[in-house]
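So the structure is just underneath, and the comments pick up after that.
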Amino acid sequence: MARYGMVIDTKKCVGCMDCVVACKVENNVPEGYNRDWISYETAGKFPKLRQEIRSERCNHCDNPPCVYCCPCGASHIAETGGVVLIHEDKCSGCKACIAACPYNARFMHPEGYAAKCTFCIQRIEKGELPACISVCPTYCMNFGDLDDPQSKVSQLLEIRKHHCLIPAAGTKPQIYYLT
Amino acid sequence: MHELVNTRHNLQIDPHLHIWGWEIGVYLFLGGLVAGMMIISGFFIFTGRTKNTKCSCFLIPIIALIAISLGMLSLFLDLEHKLYVWRMYLTFQWTSPMSWGAWILLLVYPVLIVNVLLKLPEELYGNFPHLRKISEYLNSSHSILQTIGMISMIIGASLGMYTGVLLSALGARPLWNSSMLWILFLTSGLSSAAAFIHLVAREEEERRMLAKADNSFLIFEFVVIMLLLVGFLTSDQVHIEAVKLLLSGEYSAIFWVFVVSLGIVIPLIIQLMAVNNKIRHTVIAPIMVMLGGLILRFVIVSAGQASHWSGQVFR
Ligand code: SF4
Ligand code: SF4
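Just so you know, the sequences run in chain order A and F. Residues in the first sequence are numbered from 5 upward in steps of one, following the numbering used here. Residues in the second sequence are numbered from -15 upward in steps of one, following the numbering used here.
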């Protein structure tokens, strides 16, 4: 079975937020909410600062607490590539999953169900790329099957230094950042 | 320096999580209170105190029924998809404490109703003679009463434990992520329940007994709180940062003044003096204990949401 993930090159990302806009349009994300966002992390002592710019979203974790805590079986791991999804018509709006996500990737849709990044499941099932990736002007984002050693994402992880976010939380995130 | 800025500002999520407000605090408090009531009144029934018709075990179940219904109302008010609360009852998800809780709450009702049926007001018996038959049957043998008492204690304990596990299973919020939390909520529920029953008990002997029990619960609760804090302080950086919210941060004043001092230590001193006949029993200490229990839930629900992992983002 495929295991979809993303590999994002922080050396190329300029923080233009095209991915954020593309997601809002593609997925009709309600006003005031975002499924993806840009983080700027700066560390060091002036003038020796280093900065990492990252396009972030739900990490489609391999050990997803948001799925385990859902009382309705609405949050689930999909057949397609292990993507973490929400059945809107099963959700009761209890918000347990929002509290369970260490990345704060989820939010309450104004219509009363939990929402977040879906890796654009409607597109990837047709063989297209997620909207955020398809518009990136620096081609810094890659999407593919992490279980396939020949895929571009696997190859990048082979040769480049990388990290994921908050590994200590133990959720096994499936989005990797190249540094 | 180490600075993390992001462009997201989702409602209820940023700058820090605040998805759960007073409704959840009230619900957790009432859940704990009812749990304590079921354990205490179950214990009274189990130990044969039903022979005394003035025993508060005849009064408590009806109050508990009202309290748990108010708690469920509060929980319902919190749901974003109010009409879809029934979706929790289409499935049982064993990994989800909330699913366990939803089903436990459903078990609480029949158990409390059986408790209520043990003795009803005479007027009701007059109008519905069948009810008298049911009461007579329930009281007919020692083993039936013991079974009712035992089941009440078990379901009550499950309810009290679940209110803590519900939060502690959410590892993404370090301040909730302690296996002491269920012990704290269960003990706090017991102390609030003992305080409440102390207020409504009709017999002096029972009041004294409850005040004594409440003192033990309060001492235990104090120890549990200290161990909870020590547990965090001896854990990793994320949990140390989290517990600082209670020790020196935003929530420290309300925590130490209202929860620990006014909610545990001072009422404990007052009740110890009352039990030793230095002063008279008054309503002051029990009310302080209950308010302390309520504020404890508010503080934990709110401070827990303010605690986070984001300091750990950079490798
Ligand atoms: S990032 Fe959060 S919402 Fe996404 S799978 Fe992981 S825990 Fe769940
Ligand atoms: S808000 Fe919906 S998806 Fe999230 S845990 Fe509750 S029922 Fe499940």
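Glycine included, every Cβ here is placed at the ideal spot set by N, Cα and C.
Q: Identify, in the order they occur along the chain, each residue of the same chain with its Cβ nearer than 7 Å to the Cβ of A/CYS101, setting aside the five sequence neighbours on each side.
A: CYS70, CYS73, CYS74, SER79, ARG110, ALA118
**Q.** Run of the alpha helix (DSSP H) containing A/ALA47, from where it starts to where it stops
**A.** It is not in any alpha helix (DSSP H) - A/ALA47 instead sits in the beta strand (DSSP E) that spans 40 to 49.
Q: Say whether chain F places a C-beta atom closer than 8 Å to the C-beta of A/VAL25.
A: no
Q. Alpha carbon to alpha carbon, how far is F/ARG115 from F/PHE42?
A. Here the sequence assigns Leu to residue 115 of chain F, which means Arg is not the residue at that position. C-alpha of F/LEU115 to C-alpha of F/PHE42: approximately 15 Å in a straight line.
Q. According to DSSP, which residues form a beta bridge with A/ILE81?
A. A/VAL88
Q.
Which residue marks the beginning of the beta strand (DSSP E) containing A/GLN159, and which one marks its end?
A. Unbroken run through A/GLN159 is the alpha helix (DSSP H), 156 to 163; no beta strand (DSSP E).
Q. If we ignore side chains and look at the alpha-carbon of each, how far apart do F/ILE(-3) and F/THR266 end up?
A. 44 Å
Q: May I ask you to list, following chain order, the residues of the stretch 84 to 118 of chain A that have a beta carbon less than 7 Å from some beta carbon of chain F?
A: LYS94, CYS95, SER96, GLY97, CYS98, LYS99, ALA100, ILE102, ALA103, ALA104, CYS105, PRO106, ASN108, PHE111, MET112, GLY116, TYR117
Q: Would you mind reading off the limits of the beta strand (DSSP E) that contains F/ASN(-10)?
A: -14 to -10
Q | Among A/LYS16, A/ASP13, A/VAL24, A/GLU45, the one whose alpha carbon lies nearest that of F/MET(-15) | A | Minimum Cα distance to F/MET(-15) is reached at A/GLU45.
**Q.** At least 3 beta-carbon pairs within less than 8 Å: the stretch 118 to 134 of chain F vs the stretch 64 to 81 of chain F
**A.** Three or more beta-carbon pairs separated by less than 8 Å are not found between the stretch 118 to 134 of chain F and the stretch 64 to 81 of chain F, which leaves the two stretches without contact.
Q: Determine, using beta carbons only, whether A/THR122 comes closer than 8 Å to chain F.
A: no
Q) Say the cut is 7 Å; is the CB of A/TYR143 nearer than that to a heavy atom of ligand 1? A) No, ligand 1 has no heavy atom inside 7 Å of this Cβ.
Q: Using a Cβ cut-off of 8 Å (strictly closer), state whether A/CYS144 contacts chain F.
A: no
Q) In chain order, what residues have a CB nearer than 6 Å to some heavy atom of ligand 1? A) A/CYS62, A/ASN63, A/HIS64, A/CYS65, A/PRO68, A/PRO69, A/CYS70, A/VAL88, A/CYS105, A/TYR107, A/ALA109, A/ARG110, A/LYS120, A/THR175
Q | Classification of A/THR142 by the beta-carbon crowding that lies within 10 angstroms, buried from 16 upward | A | exposed
Q: Following the continuous alpha helix (DSSP H) through F/MET145, name the residue where it begins and the one where it ends.
A: Where F/MET145 is concerned, the enclosing alpha helix (DSSP H) stretches over 126 to 152.
Q | Neighbour flag for F/TRP6 against chain A, beta carbons, 8 Å | A | Against chain A, the CB of F/TRP6 has no partner CB under 8 Å away; the residue lies outside that interface.
Q | Opening and closing residue of the alpha helix (DSSP H) in which F/MET272 lies | A | 268 to 290
Q. In angstroms, rounded to a whole number, what distance separates the CA positions of F/VAL69 and F/ALA287?
A. 27 Å
**Q.** Outcome for A/LEU122 when other beta-carbon atoms lying within 10 angstroms are tallied against a minimum of 16
**A.** First, the amino acid is wrong: residue 122 of chain A is Thr here, not Leu. So A/THR122 counts as buried.
Q | Contact set between A/MET10 and chain F, taken where Cβ atoms lie within less than 9 Å | A | Here the premise fails: no neighbours, minimum Cβ distance about 17 Å.
Q | C-beta contact flag for A/CYS95 and A/CYS76 at 8 Å | A | yes
Q. By a C-beta neighbour count over all protein chains shown, 10 Å radius and 16 as the cutoff for buried, is A/ASN32 buried or exposed?
A. exposed
Q: Under 6 Å Cβ to Cβ from F/HIS292, same chain only, skipping five residues before and after it: list those, please.
A: none
Q | Boundaries of the alpha helix (DSSP H) in which F/LEU229 is found, first to last residue | A | 221 to 231
Q. Taking Cβ positions only, does F/ALA51 come closer than 8 Å to chain A?
A. no
Q: Would you mind telling me which residues of chain A sit closer than 8 Å to F/LEU3, beta carbon to beta carbon, in chain order?
A: A small fix is needed here, since residue 3 of chain F is Ile in this sequence, not Leu. Chain A residues near F/ILE3: LYS99, ILE102, ALA103, MET112.
Q.
Please determine whether the Cβ atom of F/PRO270 lies at a distance below 7 Å from any heavy atom of ligand 2.
A. no
Q) By how many angstroms is the C-alpha of A/ARG58 removed from the C-alpha of A/ILE12? A) Those two C-alpha atoms are separated by around 8 Å.
Q | Contact set for F/VAL283: own chain, Cβ-Cβ below 7 Å, skip 5 residues either direction | A | The answer, listed in chain order, is TYR235, ILE238, PHE239, VAL243.
Q. The beta strand (DSSP E) spanning A/GLN55 covers which residue range?
A. 52 to 61
Q: Run the proximity test for F/SER127: is its beta-carbon closer than 7 Å to any non-hydrogen atom belonging to ligand 2?
A: Incorrect: F/SER127 has no Cβ contact closer than 7 Å to ligand 2.
Q) Using a C-beta cutoff of 8 Å, does A/TYR180 count as contacting chain F? A) no
Q | Contacts that F/TRP293 makes with chain A (C-beta to C-beta distance below 7 Å) | A | PRO106, ILE170, ALA173
Q. Closest Cβ-Cβ distance between A/ILE42 and chain F: below 8 Å?
A. Interface residue, yes.
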